[in-house]
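Chemist:
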Amino acid sequence: MSETKIRVLIVDDDPDQLALTERSLSSYNFEVRTHRSSLGVSNLVRTTAPDLVLLDVNIPALSGDKVLALARQQAPENTRFVLYSASDESKLRALALAAGADGYLSKSTQGADLARKLERLHKRPRVAAGT
1 MSETKIRVLI
11 VDDDPDQLAL
21 TERSLSSYNF
31 EVRTHRSSLG
41 VSNLVRTTAP
51 DLVLLDVNIP
61 ALSGDKVLAL
71 ARQQAPENTR
81 FVLYSASDES
91 KLRALALAAG
101 ADGYLSKSTQ
111 GADLARKLER
121 LHKRPRVAAG
131 T
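Counting with the UniProt record's numbering, you get residues 1 to 131 for the letters of the sequence shown.
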């Protein structure tokens with residue numbers, strides 16, 4: 001019996017962080033796609049329809065919260081957006097709330113802990129904006 005993999009798009013300009021997170025999630029049976037720029041994310045979200053988008057907050061050209069606002073317009077209704085940063089957790093939480101993200105995670109979260117948190121976010125019903 002084959003279980004459907006959770007499709008994750010990871011957006012991060014740091015190639016080492018991108019590779020680490022991709023390897024980590026792939027080992028926990030996630031289907032992972034990566035992207036190294038904030039440019040083109042909306043199009044990628046529209047064409048690949050990921051279940052989750054893990055967005056680096058501090059990415060050149062367009063910050064993660066701005067990318068979220070643009071990509072959300074192109075995303076399937078059930079796609080969850082998660083801000084991902086090494087920033088202070090209280091600042092990250094405030095930014096995620098202000099940007100309308102479905103969640104936030106510290107980049108120090110890896111391995112089984114990262115997989116578990118993303119699985120929980122994926123299963124949680126998405127709250128419509130303004131509710």
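Cβ atoms here follow ideal geometry from the backbone N, Cα and C, with glycine treated the same way.
Whole angstroms is fine: what's the gap from D12's alpha carbon to V57's?
Modeler: Taking the sequence shown and counting its residues from 1, the one referred to as residue 12 is at position 12. Taking the sequence shown and counting its residues from 1, the one referred to as residue 57 is at position 57. The alpha-carbon atoms of D12 and V57 are separated by roughly 8 Å.
Chemist: Within 8 Å, do at least three Cβ pairs link the segment 15–31 to the segment 110–118?
Modeler: The segment 110–118, when compared against the segment 15–31, does touch it at the 8 Å Cβ threshold.
Chemist: Near A101, what residues of its chain come up, given a Cβ to Cβ distance below 7 Å and the 5 sequence neighbours on each side ignored?
Modeler: Working through the sequence shown from its first residue, we reach residue 101 at position 101. Excluding residues within five positions, the ones whose Cβ falls inside 7 Å are L68, F81, V82 and L83.
Chemist: Would you tell me roughly how many angstroms separate the C-alpha atoms of A71 and S27, rounded to the nearest one?
Modeler: On the sequence shown, position 71 is the one that residue 71 refers to. On the sequence shown, position 27 is the one that residue 27 refers to. Their backbone Cα atoms lie some 27 Å apart in a straight line.
Chemist: Would you mind sorting P60 into buried or exposed? The rule is 16 or more other CB atoms within 10 Å of its CB.
Modeler: Locating residue 60 in the sequence shown gives position 60, where the first residue counts as 1. Counting Cβ neighbours within 10 Å, P60 comes out exposed, since fewer than 16 surround it.
Chemist: For the beta strand (DSSP E) that D56 lies in, which residues bound it at each end?
Modeler: For the purposes of this step, residue 56 is taken as residue 56 along the sequence shown, with counting starting at 1. Element bounds for D56: L52 to D56.
Chemist: Leaving out five residues on either side along the sequence, give the residues of the same chain with a beta carbon under 6 Å from the beta carbon of S42.
Modeler: If you number the sequence shown from 1, residue 42 lands on position 42. Closer than 6 Å at the Cβ level, and outside the excluded window around S42, lie L70, A71 and Q74.
Chemist: At which residues does the alpha helix (DSSP H) containing S90 begin and terminate?
Modeler: Position 90 of the sequence shown, counted from the first residue, corresponds to residue 90. It spans E89 to A99 - the alpha helix (DSSP H) in which S90 sits, taken as one unbroken run.
Chemist: Between the alpha carbons of L54 and Y104, how many angstroms are there, rounded?
Modeler: Your numbering for residue 54 matches position 54 in the sequence shown. Your numbering for residue 104 matches position 104 in the sequence shown. Distance between the alpha carbons of L54 and Y104: 9 Å.
Chemist: Just tell me which of P15, D16 and V32 has its CA closest to the CA of L118.
Modeler: Indexing the sequence shown from 1 puts residue 118 at position 118. It is V32.
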